[in-house]
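Participant:
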Amino acid sequence: MGAVDVLIGYELRRVMAKKRVLILTAAVFLTEAGLYFVLTRMPPSLTGPLSPYVWVVGFLAPTIGLVQVTSLMIGSTVFSDEYEAGTADFWLTRPISRSEYYAGKVLGGLALVCSIVLSYTAFSVGISWFAFGSQSRLDLLLTALPASIAAALPFYAIGLALSEGLRRGMLSTVLSTLVFFGSYIFESYANVIATFTGDRALLELTRYLPTWGSVRLTSEVVLRGLSGTGLPAGAFGPLSGLSGGVSVELLLLNAAAYTALAMVLAWLRLRLSDVTRRAQ
Amino acid sequence: MALSRGEVILVERLVKRYADGGEVGPISLRVGKGDVYGFVGPNGSGKTTTLRAVLGLLKPTSGRVEVFGMDPWREAKRVNSLLGYSPELPNFPAFLSARQVLEVTGKLRGLRGEDLKREVERVLDLTGLVNHADRRVGNFSKGMVQRLSIGQALIGDPELLVLDEPMLGVDPVGRVQIREVLREVSRTGKTVVFSSHELYEVERLATRVGMVYLGKTVMEGGIDEILNGAGGLRVRVVTRVAPGDGVVEAIRRIEGVRDVRVEGNSLTVFSDNSTDVRDAIAERIVLSGCGLLELRTERPSLEEVFMERVRTVGRG
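Going line by line, the protein sequences match chains A and B.
Here the first sequence stands for residues 1 to 280, numbered as in the working numbering.
Here the second sequence stands for residues 1001 to 1316, numbered as in the working numbering.
Set out below in structure tokens:
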């Protein structure tokens, strides 16, 4: 067992001990349960054609915000909690390099993000099967699951960068949440204004926002995969609106750029600066 | 100047400037193999900064730090594999038990299976935490956390122990135990560096002492060398009747005498090291008719030496 493995195990335990992460994870599952409850109450004439694909609703719903917020909550405490608790000293005076510390902490948080995505996916597929019978095109999950994790990464990484940059848990959580909602709201307003005014430049500008790739990526991959199934346009309600026929590669590029930039900033700050002591 | 044979730590003119404008240094110290090195100074004098530079937790603004011949900032992993560290205010992940803290440290030091189990039990026993091994650290008292901190520093039997204020918040029984542990460690030839502003603890444990004041090294040397040399000679005299002003003045005029303090039948004479004033003092007392009951030389305490040094530095 290497230093990175020890740290991954520790990080998983640490994050799971955090109430706000548990509450958000519970919120993801409650949202899913609520959605399926509503769907089962709808007349079969409405849900009928959708029944074999209803797993998509539960799979996509968290990807338009909840997964990003949960990920940034996890990311924004990864390093800051250690400084605030005074345990950064504990780890960085063991025989481990800063690279191993960084890798272990980042991978530990990421493992939790992945397990949350996998859990709610299994939950939505399971509950769909139970309530609506056998489900089709589950093969799409082979690409949709990695896309979903990739969509969570930018805000996990932004949380990480602020966590290491500011070394204050609450501050980094608030700021990364502001980045998410600020970007989301700006993008929504810009889209509305661009629709009315036909301002292409404004529309183009939204492509550089961190939510642009993150929020659209999963739905774009899934709804593209379902394009040959004969489902009517807008079959998935507001989730369908996210698929704007944009290139998956561009969405991935946006998500990858924000993830890489934030990860590099966090790494540089950790590598080049002193280990600060616990705030007294 | 490079680390010479037998030296474990070399700190040479270390200066650290903080973002808030605070500055520490220049601080220099040399710790040899097998030394029990007491690093003393008041709060805020730069002890912790120096130790954190030794551990590779902070990068010196200027100066040089070497541990086992390595730069701890660049080679923190290798340096930390050879040392155990207990911080001034130890903090451990609150959701782990004492045993888990020791196991994690042991694993990172390469211990596995039965070896790890044995080592954890040895340290729990040594620090008196056997009955609390499976309690969460978050529920520990300050003294227990300090003991655990010493314990995790001992895991894997490192060559060098760096302890920042190891007695802080520890009850008298705990202090005795920690003192015993440190003596035992030094008996096995390991090197111990500990900081403290409790000078009597340093005097009891250290073989070498480094003093810092106002962020600068003001004295460094072997404990005997410092106590016998730096404070000058001190002669305690007990007389049958209280000595009068005349004899006190006569003693004050002896060449080499710096000060005389009188308390009832007892006189304390402070003199330079270079002159042995005992004969002259005895002669004055006998001639005065006070009756000489006792005359002995005493060495000053580390606290007195430190305060004297602080006064000297303060004067300029």
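Yeah, the Cβ is synthetic: ideal placement off N, Cα and C, and Gly gets one too.
1. For VAL78(A), which residues in chain B fall below 7 angstroms Cβ to Cβ?
2. What I want to know is whether the C-beta of GLY1006(B) ends up closer than 7 angstroms to one or more non-hydrogen atoms of the ligand NAP.
3. Is the CB of LEU1320(B) under 8 angstroms away from at least one CB in chain A?
4. Tell me which residue opens and which closes the beta strand (DSSP E) that GLU1220(B) is part of.
5. Distance cutoff 8 angstroms, beta carbons only. Does PRO1093(B) sit that close to anything in chain A?
6. With a threshold of 6 angstroms on Cβ separation, who are the neighbours of THR121(A) within its own chain once the five nearest residues in sequence on each side are excluded?
7. Could you tell me whether any Cβ in chain E is nearer than 8 angstroms to the Cβ of ARG1135(B)?
8. If you check the beta carbons only, do LEU1402(B) and LEU1148(B) fall under 8 angstroms apart?
9. According to DSSP, is GLN280(A) part of a helix, a strand, or is it coil?
10. With burial defined as no fewer than 16 other Cβ atoms inside 10 Å of the residue's Cβ, what is the status of SER219(A): buried or exposed?
11. Mind checking if THR93(A) is an interface residue toward chain B, Cβ cutoff 8 angstroms exclusive?
12. Should GLY1246(B) go down as buried or exposed, given a rule of 16 or more other Cβ atoms within 10 Å for buried?
13. If you reduce the DSSP assignment to three classes, tell me which class ALA260(A) lands in.
14. Would you report the Cα separation of THR1239(B) and ARG1258(B), rounded to the nearest angstrom?
15. How close, in whole Å, do the beta carbons of SER214(A) and SER80(A) come, if the pair is a contact with beta carbons under 8 angstroms?
16. For ASN254(A), is the classification buried or exposed, using 16 other Cβ atoms within 10 angstroms of its Cβ as the cut-off for buried?
17. Under a three-way DSSP split, which group does ASP81(A) fall into?
18. Give the single residue among THR143(A), THR87(A) and ILE96(A) whose Cα lies nearest to the Cα of PRO1093(B).
19. Compile a chain-ordered list of the residues in the stretch 1106-1131 of chain B whose CB is closer than 9 angstroms to at least one CB of chain A.
20. Measuring only the C-alpha atoms, how far is GLY1156(B) from VAL1218(B)?
21. Who are the near neighbours of GLU1198(B) in its chain, counting only those whose CB is closer than 7 angstroms to its CB and skipping five residues on each side?
22. Apply the 10 Å Cβ neighbour rule to ARG1187(B) and answer buried if 16 or more other Cβ atoms are within range, or exposed otherwise.
23. What did DSSP end up calling LYS1117(B) once you bin it into helix, strand or coil?
24. Closest Cβ-Cβ distance between GLY86(A) and chain B: below 8 angstroms?
25. Could you tell me whether any Cβ in chain B is nearer than 8 angstroms to the Cβ of LEU111(A)?
26. Is the CB of VAL1104(B) under 8 angstroms away from at least one CB in chain A?
Facilitator: With the given structure in hand:
1. Here residue 78(A) refers to the residue found at position 78 when the first sequence is read from its first residue. Residues of chain B passing the Cβ test: none, with the nearest at roughly 13 angstroms.
2. As presented, the structure is devoid of all ligands, the ligand NAP included, so that no description of it is given.
3. The first residue shown for chain B is 1001 and the last is 1316, placing residue 1320(B) beyond what the model contains.
4. Residue mapping note: residue 1220(B) aligns to position 220 of the second sequence, counting from 1. Per DSSP, GLU1220(B) is one residue of the beta strand (DSSP E) stretching across 1216-1222.
5. Here residue 1093(B) corresponds to residue number 93 of the second sequence, with the count starting at 1. Interface residue, yes.
6. Counting from one through the first sequence, the residue named residue 121(A) turns up at place 121. Counting only Cβ-Cβ distances below 6 angstroms, and skipping sequence neighbours, we find PHE59.
7. Given the protein chain composition of this structure (A and B), no chain E is represented.
8. Nothing about residue 1402(B) can be read from this structure; chain B reaches only from 1001 to 1316.
9. Looking up residue 280(A) in the first sequence gives position 280. Here GLN280(A) scores only 43 on pLDDT, less than 50, and its place in the model should not be relied on; the value that follows carries that caveat. Coil at GLN280(A), not helix or strand.
10. The residue labelled residue 219(A) in the question sits at position 219 within the first sequence. With 16 or more Cβ atoms within 10 Å of its Cβ, SER219(A) is classed as buried.
11. The sequence position of residue 93(A) within the first sequence is 93, counting from 1. Yes, contact with chain B.
12. By 1-based counting over the second sequence, the position of residue 1246(B) is 246. Looking at its Cβ environment, which holds fewer than 16 other Cβ atoms inside 10 Å, GLY1246(B) is exposed.
13. Here residue 260(A) is taken as the residue at index 260 of the first sequence, counted from 1. ALA260(A) falls in the helix class under three-state DSSP.
14. In the second sequence, residue 1239(B) corresponds to position 239, counting from 1. In the second sequence, residue 1258(B) corresponds to position 258, counting from 1. THR1239(B) and ARG1258(B): Cα-Cα distance of roughly 20 angstroms.
15. On the first sequence, residue 214(A) is found 214 positions in, with the first residue counted as 1. On the first sequence, residue 80(A) is found 80 positions in, with the first residue counted as 1. Between SER214(A) and SER80(A), the beta carbon gap of about 22 angstroms keeps them out of contact (Cβ cut-off 8 angstroms).
16. In the first sequence, residue 254(A) corresponds to position 254, counting from 1. By the 10 Å Cβ count, ASN254(A) comes out buried.
17. Reading the first sequence from its first residue, position 81 is the one you call residue 81(A). Correct three-state label for ASP81(A): helix.
18. Reading the second sequence from its first residue, position 93 is the one you call residue 1093(B). The option with the nearest alpha carbon to PRO1093(B) is THR87(A).
19. Taking 9 angstroms as the Cβ-Cβ cut-off against chain A, the residues of the stretch 1106-1131 of chain B that qualify are LYS1107, LEU1108, ARG1109, GLY1110 and ARG1112.
20. The residue given as residue 1156(B) occupies position 156 in the second sequence. The residue given as residue 1218(B) occupies position 218 in the second sequence. GLY1156(B) and VAL1218(B): Cα-Cα distance of roughly 35 angstroms.
21. In the second sequence, residue 1198(B) corresponds to position 198, counting from 1. Sequence-distant partners of GLU1198(B) (beyond 5 residues in either direction) whose C-beta falls short of 7 angstroms from its own C-beta, in its chain, are MET1167.
22. For this step, residue 1187(B) is matched to residue 187 along the second sequence. Result: exposed.
23. Within the second sequence, residue 1117(B) is the residue found at index 117, counting from 1. When DSSP states are grouped into helix, strand and coil, LYS1117(B) belongs to the helix group.
24. On the first sequence, residue 86(A) is found 86 positions in, with the first residue counted as 1. It does: the Cβ of GLY86(A) has a partner Cβ on chain B nearer than 8 angstroms.
25. Taking the first sequence and counting its residues from 1, the one referred to as residue 111(A) is at position 111. Correcting the residue type first, residue 111(A) is Ala in the shown sequence and not Leu. ALA111(A) does not count as touching chain B.
26. Position 104 of the second sequence, counted from the first residue, corresponds to residue 1104(B). Closer than 8 angstroms: yes.
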